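Going by our numbering, 713 is the number at position 117 of the sequence shown; the sequence numbering is gapless.
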Amino acid sequence: MKQLTFAILAFLSVGSYAEERLFIGTYTEGFEWSYFIKCGSSEKLWIEYSPAVLELKKALENDGVRFSYHLGDLNPMVPVKLKGNLSKEGKWGHLGQYKHQLNVTQYISHGSAAGAECKI
Numbered sequence: 597m598k599q600l601t602f603a604i605l606a607f608l609s610v611g612s613y614a615e616e617r618l619f620i621g622t623y624t625e626g627f628e629w630s631y632f633i634k635c636g637s638s639e640k641l642w643i644e645y646s647p648a649v650l651e652l653k654k655a656l657e658n659d660g661v662r663f664s665y666h667l668g669d670l671n672p673m674v675p676v677k678l679k680g681n682l683s684k685e686g687k688w689g690h691l692g693q694y695k696h697q698l699n700v701t702q703y704i705s706h707g708s709a710a711g712a713e714c715k716i
């Protein structure tokens with residue numbers, strides 16, 4: 597029975613995301629939120645922590661980018677280039693307030709180079 601349950605959960609997890617692709621836009625995080633906005637869009641995509649997001653956070657920290665986690669504080673929007681999978685429509689993130697989740701599988705870059713690609 598445990599094997600069947602695991603197989604069903606694995607199938608549902610894989611079926612929840614589109615194929616992997618490149619995402620260029622801006623990233624920010626704060627008190628109970630972490631999201632990405634794709635270039636040319638206004639939709640906020642929930643970002644769940646993954647090894648690739650932790651790599652992004654470390655790179656930002658090394659460049660002096662700091663986020664506040666105090667309720668109500670505004671934080672910087674950082675240009676980023678990532679690889680990942682977009683979820684199917686649903687209720688994602690804190691209190692289900694996001695229509696999609698971006699499952700980040702690879703951190704590529706951040707800063708002005710990623711920002712310049714947004715303008716192309």
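Note that CB positions come from ideal geometry on N, CA and C, so glycine has one too. Just so we're clear, the structure is a prediction, and the values are computed from it rather than from any experiment.
Classification of residue i by the beta-carbon crowding that lies within 10 angstroms, buried from 16 upward
i      : result
Asn658 : exposed
Ala710 : buried
His696 : buried
Leu656 : buried
Residue i - DSSP class collapsed to helix/strand/coil
i      : result
Pro672 : coil
His690 : helix
Glu625 : strand
Ser708 : helix
Ala606 : Because the pLDDT of Ala606 is 42, which lies under 50, any placement of that residue in the model is unreliable, and the number read from its coordinates should be weighed accordingly. It is helical.
Leu667 : coil
Lys720 : Beyond the ends of the chain as shown, which are 597 and 716, falls residue 720; an answer cannot be given.
Glu685 : coil
Per DSSP, the bridge partner or partners of residue i
i      : result
Arg617 : Gly680
Val700 : Gly680
Lys695 : For Lys695, which the question treats as bridged, DSSP gives no partner whatsoever.
Ser630 : Glu625
Lys640 : Ile633
Expected contact under 8 Å - CB spacing of residue i and residue j to nearest Å
i      : j      : result
Asn671 : Glu625 : 7 Å
Any 3 or more C-beta pairs closer than 8 Å across the stretch 695-705 and the stretch 645-654: yes
Inter-stretch contact (C-beta, 8 Å, three-pair minimum) for the stretch 621-631 and the stretch 664-675: yes
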